[in-house]
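Chains as they are written, first to last, in the numbering used here: chain A, 1 to 356; chain B, 1001 to 1356.
Don't be surprised by glycine CBs; every beta carbon is placed ideally from N, CA and C.
Note that the coordinates shown come from a computational prediction; the quantities given were computed from them, not determined experimentally.
Only one structure is covered here, and it is reproduced in the block below.
Protein chains: 2
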Amino acid sequence: MIKPPCRIALVGATGAVGEAIAAILAERDFPVAELVPLASERSAGGTVAFGKRQLTVRLLEDFDFSGIDIAFFAAGGAVSAVHAPRAAAAGAVVIDNSSHFRQEPDVPLVVSEVNPQALAQRPRGIIANPNCSTMQMLVALAPIHRAVGIERINVASYQSVSGAGRVAMEELGRQTSALLNFHPVEPKVFPVQIAFNVIPQIDEFLDNGYTREEMKMVWETRKILGDDQIQVNATCVRVPVFYGHALACHIETRERISASRARTLLRQAPGVKLVDGGRSGVQPGPAPRPGSVAAKGRYPTPVGHAAGSDQVHVGRIREDISHASGLNLWLVADNIRKGAALNAVQVAELLVESLL
Amino acid sequence: MIKPPCRIALVGATGAVGEAIAAILAERDFPVAELVPLASERSAGGTVAFGKRQLTVRLLEDFDFSGIDIAFFAAGGAVSAVHAPRAAAAGAVVIDNSSHFRQEPDVPLVVSEVNPQALAQRPRGIIANPNCSTMQMLVALAPIHRAVGIERINVASYQSVSGAGRVAMEELGRQTSALLNFHPVEPKVFPVQIAFNVIPQIDEFLDNGYTREEMKMVWETRKILGDDQIQVNATCVRVPVFYGHALACHIETRERISASRARTLLRQAPGVKLVDGGRSGVQPGPAPRPGSVAAKGRYPTPVGHAAGSDQVHVGRIREDISHASGLNLWLVADNIRKGAALNAVQVAELLVESLL
């Protein structure tokens, strides 16, 4: 039972996701009685913005979570492993952005638009926030799954560097600038140069040859949709984009679905914004003026639609010419907002609104 | 019958592909008696490099192709439509890089490693060079198709801007530099901003919702492999990379093929370079030092392996966990070399060597 206004702890307050959580809480007028930003020794003592105020960041290590209603964790798996159970034991509901607890059977893994009902059972007091790519994929695919049953998803991702944190964004900026000035670059955060390059590795390699990021899309899709039969085959790739992940999804459904029915479904789906030329996008005739609304309106891109937006943008919906019940979609979302911080706040809103 | 040394015409000599053809002819010691660079009025009168010499570019419009053995065309479809038949009528063998003649039944469409035998029948004196993405895909997939039969290909592309020519490369450089200096950008060549963005449109939209680039991968794959049954489902995306296209290929075969058999096949395949961690790429343990050979050795990237290279680099080979006879591969090649100029020169070499 969480009764507003809430006392909130924010672990990892100085990171890209932590900062976005604070901004989104303010922006959405979340009923906050007190917000306590927390971080490791390296960042404690500094300040973070919350609305118009600057809050001093306190040290996580010895913070007592008693009296805290909701604790957001956005500081990585190792920190969550140690401190999230401690926060939960003190009575806080933990909303954890790391992957540490996502596969635990007694920890709900929730996309606010897709499986809010899973929040009701949280015996450990911990709720996990899904992986950014999986999250945006399921906001768009869940309505289709419910209508016609998705059997298999082939997905290739175009993931921005902000998914790897602030240091990764700095690395893209620094490398790009160095290269434009004919200076050599030395990769630090990414295994190889990311500027003007694409890297087919996100997270570590597993024994089956997939990366952990790719397998998260398999594991988390099944858990969130509550369907162990759904097949996912992913190739996850980092691209030199600051904000916004894109996904090329080729799905196969139990029952055939037309592109136009999919558009109708998605037009009504919560959290989804259709940016699909549809007939106008495929009409013959002169191309729209570059940069014009018509050009922007044909399909979503990370810069044009995702960055700073709350919605999952869906375009390029077309029937798969290679499969009798296949459908292709192009999905773009802000990986820091819907892919992480926004969903965490939306989960908190559900907890408060329903007094779950 | 083409007997070396050859008199060669090079149409579009000042473009990205034309320039690369001249460089590759010199680099590979192609038996050239004379090289005549040709271009439109805008570029005629300038010079292009051929080995250590600078050649003056002549005007295409009134050039007489009599006595020319081989005419390379790299100036776009409209130019080829008008001037390629004229060159062929004068007795030259035309090797055309545009898409204009690719689907004509009496024009062979040839990847030098895949279907060189198709060169024998060229009733119109015109040979078409395939689309860059299709070309690199088939160099790697043809050996697998021959061994176990490919039924379906799901492919998502990561295509560099050089595929759209020199002006597109300039646009990426200019936009990137402007953004790093906090200046606004105005798209000219691409429909929307390409710097720090990805764009799911290459070429125009067709009635079925696919782009022409995506459909080229369907049409050309079938023609080159001589198999109308093979299914291809493509999403083609432009990424802010200067040189090198990458493809995430998820294939389904008639007969199951293991990742290790695929590696063995590809290790022996002409034009292919395996850059696949294999066991070493998936072993647990500390990650290799960033930028080290070990890190580079795990998988190919456009900057690390493609740019300036003749081979199609294949990595991330793994059995598809979502399909009983599926296999995933990650393919990277220099779109200007193997994707265009190099293959054109290799076709010329086949014509001269075999006196076809």
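Residue i, enclosing beta strand (DSSP E) - first and last residue
{"i": "B:V1155", "result": "I1150 to Y1158"}
{"i": "A:Q231", "result": "Q231 to T235"}
{"i": "A:Q54", "result": "R53 to T56"}
{"i": "B:I1251", "result": "H1245 to T1253"}
{"i": "A:A259", "result": "Taken as a continuous stretch (DSSP letters only), A:A259 belongs to no beta strand (DSSP E), being part of the alpha helix (DSSP H) at A259 to Q268."}
{"i": "B:F1050", "result": "T1047 to F1050"}
{"i": "A:F63", "result": "Premise fails: A:F63 is in no beta strand (DSSP E) and is neither H nor E."}
{"i": "B:I1317", "result": "V1312 to E1319"}
{"i": "B:V1272", "result": "V1272 to L1274"}
{"i": "B:A1033", "result": "V1032 to A1039"}
Residue i, enclosing alpha helix (DSSP H) - first and last residue
{"i": "A:T14", "result": "Per DSSP, A:T14 belongs to no alpha helix (DSSP H) and is neither H nor E."}
{"i": "B:T1221", "result": "R1212 to L1225"}
{"i": "B:V1352", "result": "L1342 to S1354"}
Interface flag, residue i vs chain B, CB-CB below 8 Å
{"i": "A:G304", "result": "yes"}
{"i": "A:R152", "result": "yes"}
{"i": "A:L180", "result": "yes"}
{"i": "A:P240", "result": "yes"}
{"i": "A:H250", "result": "yes"}
{"i": "A:A386", "result": "There is no way to answer for residue 386 of chain A, as the model of chain A reaches only from 1 to 356."}
{"i": "A:Q159", "result": "no"}
{"i": "A:R254", "result": "no"}
{"i": "A:V237", "result": "yes"}
{"i": "A:F205", "result": "yes"}
{"i": "A:A140", "result": "no"}
{"i": "A:A89", "result": "no"}
Chain A within 8 Å of residue i, Cβ atoms only
{"i": "B:S1177", "result": "yes"}
{"i": "B:F1196", "result": "yes"}
{"i": "B:L1266", "result": "no"}
{"i": "B:G1163", "result": "no"}
{"i": "B:G1209", "result": "yes"}
{"i": "B:Q1193", "result": "yes"}
{"i": "B:R1124", "result": "no"}
{"i": "B:R1102", "result": "no"}
{"i": "B:Q1231", "result": "yes"}
{"i": "B:R1316", "result": "yes"}
{"i": "B:G1277", "result": "yes"}
{"i": "B:A1259", "result": "yes"}
{"i": "B:A1156", "result": "yes"}
{"i": "B:A1168", "result": "no"}
{"i": "B:A1246", "result": "yes"}
Straight-line gap, residue i to residue j (C-alpha atoms, nearest Å)
{"i": "B:D1106", "j": "A:I144", "result": "44 Å"}
{"i": "B:L1342", "j": "B:Y1243", "result": "14 Å"}
{"i": "B:D1334", "j": "B:R1254", "result": "30 Å"}
{"i": "B:P1004", "j": "B:I1070", "result": "11 Å"}
{"i": "B:H1100", "j": "A:Q136", "result": "40 Å"}
{"i": "A:H250", "j": "B:V1110", "result": "29 Å"}
{"i": "B:P1240", "j": "B:A1168", "result": "10 Å"}
{"i": "B:A1074", "j": "A:N131", "result": "45 Å"}
{"i": "B:F1205", "j": "A:S325", "result": "22 Å"}
{"i": "A:T56", "j": "A:E41", "result": "13 Å"}
{"i": "B:M1001", "j": "A:P191", "result": "51 Å"}
{"i": "B:A1306", "j": "A:V198", "result": "11 Å"}
{"i": "A:C6", "j": "A:G226", "result": "31 Å"}
{"i": "B:G1012", "j": "B:S1133", "result": "21 Å"}
{"i": "B:N1129", "j": "B:I1202", "result": "18 Å"}
{"i": "B:G1271", "j": "B:H1245", "result": "16 Å"}
{"i": "B:D1064", "j": "B:L1038", "result": "11 Å"}
{"i": "A:A118", "j": "A:P108", "result": "6 Å"}
{"i": "A:T235", "j": "B:N1154", "result": "11 Å"}
{"i": "B:A1147", "j": "B:Y1299", "result": "24 Å"}
{"i": "A:N115", "j": "A:I126", "result": "16 Å"}
{"i": "A:T301", "j": "A:D276", "result": "11 Å"}
{"i": "B:G1173", "j": "A:E151", "result": "42 Å"}
Amino acids of chain E, ordered along the chain, whose beta-carbon sits closer than 8 Å to that of residue i
{"i": "A:Q201", "result": "In the displayed structure, chain E is absent; the protein chains listed are A and B."}
With 8 Å as the limit, tell me which residues of the region 319-336 of chain A have their beta carbon closer than that to any beta carbon of chain B; keep them in chain order. From the region 319-336 of chain A, only E319, D320, I321, S322, H323, G326, N328 and W330 have a Cβ closer than 8 Å to chain B.
Mind listing, in chain order, the continuous alpha helix (DSSP H) runs of no fewer than 4 residues lying wholly within the region 1089-1173 of chain B? As far as the region 1089-1173 of chain B is concerned, its whole alpha helix (DSSP H) runs of at least 4 residues are 1132-1148.
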